[in-house]
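Undergrad: Below you'll find the structure I mean.
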Amino acid sequence: MYFKEVIVRRLLVVVLFLAVSGVCRAEEDSWDKLHADESYVNTFFSYHTRLNPDYSYTETIRQVKRIQNEDAMSSGEIPIVYNKEQQSVEDIKAFITTPDGKKHRYKMIQDVDTSSEGYYSDNRKKIITIPNVVKGSVIEYEFTMVNKQGPVEGAYFDRVNLYSWGPLKHVIITLDAPESMQLYFKNLNTQRDPETTRLEDRTIYKWEFKDDDIYDKNLSAEAYTPASIEFLPMTVISTMKDWSEIAGWYWKEFSKNIVSSPEIKSEVEKITKDKAGPEEKITAIARYLYDNYRYVSMNLDEHNYEPHPAREVFANKFGDCKDQTVLLITMLKEIGVEAYPVLVCGETDGDPAGLLPDPTVFSHLIAGVKLGDKIYFLDPLLEGYRFGETSYSLEGSYAFIVDGGKGRFIQMPFMGLRQKTTINRSRIKLRANGDALAENIAVSDRQASINTRKSIQLATKKSKEDMLAYLENLTQGGRLLSYKIMGEDNEYGFLAIGVKSFIRKYLKPKGTIMLFGDSSISLVNRFYYKERKYPLKFYAEYKEVDIKEFIMPQGFVFEYVPPDINLESKWLDASVKYTKSPNSIKQVVSRHYKRAYTPASGYEEFRAFLQKIEDSLNECIIIRRLKIGQNR
C-alpha cells in the first residue's frame, strides 16, 4: 500500500511517454544515426483521451517500436493492465513488420490475474504476444481503454509531462473534451501551453514534440534530484479548482464506512478495560490491529479509494491501509476519541498543495488522531513506535487531513537524529602475529532495531543456526566465543547485538609494522560526472558512529597516529578523533549525513568537499615491533 501501483493511464502517459521517438522511415536520418546504438527506439507514440459529458472517457494509445539488437527481444510481450470493474480494453491491433517487409499479426492475447495484487484487487492484465521479434523488425500496436469513470465521480484529473528520460522523435498527446466542461490547467516549471482547437461543441488540446524536443540525457544520468514537480516541466489538469472538493468527496467516501457493531464495541472494551488514559487506550487498540490483522495490498490507484465497511474488515481480519484505518477510527470512536483519515504522499514526490486537486498524488492512508488541540498521526500498519512518534517511513511526508471540513495540508514531523544513528563499539586486542580477540557491540538505529527485533522473534531454529555459522565464518578460521542480543524485549528501544570472537589474521603484519584503523570512505565515485544540470537534493538524514579501541601487543610502539579530523558542511559532517595511551588507542569515526538542497551551480563545491573528506580520512594507525633490547 505504501507505493502506488499505477495502472494503464499513468503507465502509458509516464512510462511509454518517457521513451518515445519519431515516425519510422525507410531512410535513416540524422536522428536515427544518433540513436543507432540503442537496443530499440520507439518511433512513434500517440495518446488520445476523449472525455464524455458524463465524465466517462476513452484512451487510445498507438506506439511504433523498432528493434535494433537482441537486447530488445523481450519487447515481443506487451502488457496492458486494467481494472475489470471500471475499465475494458477494446480494438486491439498489433503486428510486426520483419526486415523482409512482411507483416505478421500478433500470435495471441492472454488475459491473466496480476499476481502481485492483493485479495481485493480487480486488476487484470492483457498480454499481447508478438512473433518474429528480430533485429530490424518494427512492432506496432494500438488499443482503446474504455473508462466508466475516474476515481472521483463527476471529475477528471491528468498530468502531461513535458520532459523525457529517453530519446524521442515524434509524440502527439491530445485531450478532447466537451466545450461545456470546465477544465483547469496549471503549468509547472514551464510556459508551454497546448495548442487549442474548437470543433463544434468540443475543444481539443494538443501537445506535440519532435526530434528530441523535450529529451534530456541528463535526467537519466543525474541521481539525487528533487521531486519532479519541483523542477521539471509539466502541465496538470483537473476539473476541480480547490482541494476542499477532494476533502468533501473523500470524507463522504470514507465516513460512510465508519460503522461499528456489537462485536467491535465488545472487543474495544476488552482491549482497553485496564488502560488508564486515552494514550494508553489508543496504543492498545493500535497494537491489537497490528497483532491480529493481516495486511493485504490494494493500492491507492485510480479506482481504489473507498475502504470496506469497518464491520467487514473486523470480521475478515485483513485489509489494506485504508481498510485498517477505517477500523482503527471506528474503534477509537468507541472510546470517545475523534480521528480522521489522512491521505499521504512521500516527501520525495513533492508537496502536492501547490498542484490542482488530484487524489492520485497520494499513495498511503493513515489516521489523524485528535487529542485536545493537537493532531497525532497513527499508522495501523506500523509497530515499534510509541503513540505520537514519527516513523522513519513517514517522516517528512505530506499529509492531507480529511476532517469533514475543507481539509488541510501539513508536512509530517521528522525523527530526532538519535533515532537515526547507528553506533558500533569494538575492543580489539591485537596479537603480534596479526590474530586478535575482538569484542563488538552494534547498536542499530530505531527502524533497524524494529526490523531486526521482528526478524529475531520470527526466526526458526535453522535460521538461527545459519546466522551463527555466518558469524563463525567471519572469524577466518578462528572461533565465535559468545553472541548476545540486548534490548530484544524493549519494544521501543534500540536493539544491540554483542559478539565476542577470536579472529585469525585480523591483520597481516608487514615486516615489523602493522597498519590498522582504516577510516577511508568512498564518496566521489557516486558523483562521477564533473558537471551537473539539475539540483541535488538529499532527503535522508542519518548518522554513523564507529568507536574502536585497539590494544597493542607487547613489544610494539606507535610509529604513526593520524591527526584528528573534523570536516563540516551542509551536506555531511565527518570526523575522526584519536585518544592514545601507552598501550592502546581509541579511534572514534563519525559521519553525519544531512538533508540538503544544492543548486547545480554548487555541484563543483560539493564534489570538492567530498574529495577533501576522502583525502583527509584515507589514513591508518601504524605500530612497530621493537627490536630485542630496544627501548620505547
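Numbering of the sequence shown is given in the numbering used here, commencing with residue 26 and proceeding in unit increments. The beta-carbon is built from N, C-alpha and C at its ideal position, and this holds for glycine as well. What you are looking at is a predicted structure, and each value in this text was computed from that prediction instead of being measured.
(1) Between R217 and the ligand MN, is there a pair consisting of the residue's CB and a ligand heavy atom that are separated by less than 7 Å?
(2) Applying the criterion that 16 or more other CB atoms from any shown protein chain within 10 Å of the CB defines a buried residue, is M384 buried or exposed?
(3) Does P607 pass the burial test, meaning 16 or more other C-beta atoms within 10 Å, or should it be called exposed?
(4) Helix, strand or coil for D183 per DSSP?
(5) On the DSSP bridge assignment, give the partners of H617 in chain order.
(6) Report the start-end ranges of each beta strand (DSSP E) in the segment 349-382 that is 3 residues or longer and not cut off at the edges.
(7) With a CB to CB cut of under 6 Å and the five nearest residues on each side skipped, what residues in its chain are close to P251?
(8) Give the DSSP bridge partners of S21, in chain order.
(9) Who are N465's beta bridge partners in DSSP?
(10) Rounded to a whole number of angstroms, what is the C-alpha to C-alpha distance between Q444 and D598?
(11) Suppose only complete runs of 4+ residues qualify. What are the alpha helix (DSSP H) ranges in the segment 472-501, listed by chain order?
(12) Helix or strand or just coil, what does DSSP make of A248?
(13) Helix, strand or coil: how does DSSP classify Q444 here?
(14) Alpha carbon to alpha carbon, how far is P588 from F575?
(15) So, is P78 buried or exposed, given that buried needs 16 or more other C-beta atoms within 10 angstroms?
(16) May I ask which residues mark the beginning and end of the alpha helix (DSSP H) holding P287?
(17) Going by alpha carbons, who is nearest to S162 out of R184, Y72, V66?
(18) Taking the continuous alpha helix (DSSP H) assigned at S280, which residues delimit it?
(19) What do you get for T260, buried or exposed, if any count of 16 or more other CB atoms within 10 angstroms of its CB means buried?
(20) Are there three or more Cβ pairs, one per stretch, closer than 8 Å when the segment 420-434 is compared with the segment 368-378?
(21) Can you give me the C-alpha to C-alpha distance between N329 and F339, rounded to a whole angstrom?
(22) Going by DSSP, which residues form a beta bridge with L561?
(23) Count the C-beta pairs between the segment 404-421 and the segment 236-248 that are closer than 8 Å, then say yes if the count reaches three, no if not.
(24) Comparing alpha-carbon positions, which option in M539, E204, T199, V185 lies nearest N214?
(25) Name the DSSP bridge partner or partners of V177?
TA: Straight from the coordinates:
(1) Looking for the ligand MN in the displayed structure turns up nothing, as the structure carries no ligands at all.
(2) Walking along the sequence shown from the start, residue 384 turns up at place 359. For clarity, residue 384 is Pro in the given sequence; the question names Met instead. With at least 16 other beta carbons inside 10 angstroms of its own, P384 counts as buried.
(3) The residue given as residue 607 occupies position 582 in the sequence shown. A residue is called buried once 16 or more other Cβ atoms fall within 10 Å of its Cβ, and P607, having fewer, is exposed.
(4) Along the sequence shown, read from residue 1 onward, the residue named residue 183 stands at position 158. Look at D183 here: in three-state DSSP terms it is strand.
(5) Residue mapping note: residue 617 aligns to position 592 of the sequence shown, counting from 1. Answer by DSSP bridge pairing, in chain order: K568, D598.
(6) The segment 349-382 contains these whole beta strand (DSSP E) runs: 363-370.
(7) Within the sequence shown, residue 251 is the residue found at index 226, counting from 1. Short of 6 Å from the beta carbon of P251, and not among the five residues preceding or following it, lie these beta carbons of its own chain, in chain order: P560, K562.
(8) Look at the range of the chain in this structure, 26 to 657, and you will see that residue 21 is not part of it.
(9) Stepping through the sequence shown from its first residue, residue 465 is reached at position 440. Paired residue(s): S451, V524.
(10) As a working note, residue 444 is residue 419 in the sequence shown. As a working note, residue 598 is residue 573 in the sequence shown. Roughly 18 Å between the two C-alpha positions.
(11) Along the length of the segment 472-501, whole alpha helix (DSSP H) runs at least 4 residues long occupy 486-498, reported in chain order.
(12) Taking the sequence shown and counting its residues from 1, the one referred to as residue 248 is at position 223. Coil, per DSSP.
(13) The residue given as residue 444 occupies position 419 in the sequence shown. The three-state secondary structure of Q444, taken from DSSP, is helix.
(14) Stepping through the sequence shown from its first residue, residue 588 is reached at position 563. Stepping through the sequence shown from its first residue, residue 575 is reached at position 550. Those two C-alpha atoms are separated by around 17 Å.
(15) Taking the sequence shown and counting its residues from 1, one reaches residue 78 at position 53. Exposed is the call here.
(16) Taking the sequence shown and counting its residues from 1, one reaches residue 287 at position 262. It spans 287-297 - the alpha helix (DSSP H) in which P287 sits, taken as one unbroken run.
(17) Translated into the one-based positions of the sequence shown, residue 162 becomes position 137. Checking every option, the nearest Cα to that of S162 belongs to V66.
(18) Residue 280 sits at position 255 when you count from the first residue of the sequence shown. It spans 268-280 - the alpha helix (DSSP H) in which S280 sits, taken as one unbroken run.
(19) The count along the sequence shown starts at 1 and reaches residue 260 at position 235. The residue in question, T260, is buried, as its Cβ has 16 or more Cβ neighbours within 10 Å.
(20) Put simply, the segment 420-434 touches the segment 368-378. At least three CB pairs are less than 8 Å apart.
(21) Numbered from its first residue, the sequence shown carries residue 329 at position 304. Numbered from its first residue, the sequence shown carries residue 339 at position 314. Cα-Cα distance, rounded: 19 Å.
(22) Reading the sequence shown from its first residue, position 536 is the one you call residue 561. In the DSSP output, where bridge partners are listed per residue, L561 has T623.
(23) No: the two stretches stay apart, fewer than three of their Cβ pairs being nearer than 8 Å.
(24) By 1-based counting over the sequence shown, the position of residue 214 is 189. Of the candidates M539, E204, T199, V185, the one whose C-alpha sits nearest the C-alpha of N214 is V185.
(25) Start at 1 with the first residue of the sequence shown, and residue 177 comes out as number 152. In the DSSP output, where bridge partners are listed per residue, V177 has none listed.
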